[in-house]
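Numbering (our numbering), first residue to last: 23 to 144. Some notes on the structure that comes next.
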Amino acid sequence: VDSNDQPLNITNNYLEMWFDHGVNPTDASYEYVMLPNQTKQQVEEYAKNPSITVLSNTSSVQAVKENKLNMIGANFFTDTVQNIDFITANKKSSIMTKESADYLEISISDPTMKNNGTIEVE
């Protein structure tokens with residue numbers, strides 16, 4: 023390594039995925055799970071008994087529970103009161119929870135960075 027060399031940053035896409043909804047789809051939806059570093063056999067076994075529950079897959083809220091880890095990931099897409107499982111939010115937000123017998127961890131963010139005021143979560 024030559025200390026006089028400048029760092030070289032290389033950026034490139036390594037994966038591109040999409041689902042072709044067609045032209046003007048009505049009530050179209052899909053679900054998928056990313057399973058990195060899994061063999062074909064492991065993916066087939068997971069497909070027989072997935073460890074997730076889709077709690078909501080609507081234009082207002084998309085939420086999934088990972089049952090083994092007892093975690094919920096939810097995206098709220100409207101500035102209206104929406105409820106999934108035990109989480110209620112009144113603004114656009116991304117919320118993650120992890121529940122155990124002793125505690126509840128919660129993470130809240132505003133990916134739009136446009137909300138004014140507060141995000142109320144119950």
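Glycine included, C-beta positions come from ideal geometry on N, C-alpha and C.
Proximal residues to residue i (C-beta, below 7 Å), its chain only, five neighbours per side dropped
i: P72; result: V55
i: S51; result: N79
6 Å CB neighbourhood of residue i in its chain, flanking five on each side removed
i: T61; result: none
i: K120; result: M93 and E127
Those residues which DSSP pairs with residue i across a bridge
i: F98; result: V83 and S115
i: V103; result: Answer by DSSP bridge pairing: none, since V103 is not bridged.
Cβ distance (whole Å) where residue i is taken to contact residue j below 8 Å
i: K113; j: I94; result: About 17 Å separates the two Cβ atoms, so there is no contact after all.
i: T110; j: E144; result: 4 Å
First and last residue of the uninterrupted alpha helix (DSSP H) at residue i
i: Q28; result: Note, Q28: premise wrong, no alpha helix (DSSP H); not H, not E.
Close Cβ partners of residue i (< 8 Å) along its chain, the five nearest in sequence each way excluded
i: T11; result: A question about residue 11 goes unanswered here, because the residues of the chain that appear run from 23 up to 144.
i: N137; result: D101, K113, K114 and S115
Please determine if the segment 66-82 and the segment 100-118 are in contact, where contact requires at least 3 C-beta pairs separated by less than 8 Å.
Yes, since at least three Cβ pairs between the segment 66-82 and the segment 100-118 fall closer than 8 Å, the two stretches touch.
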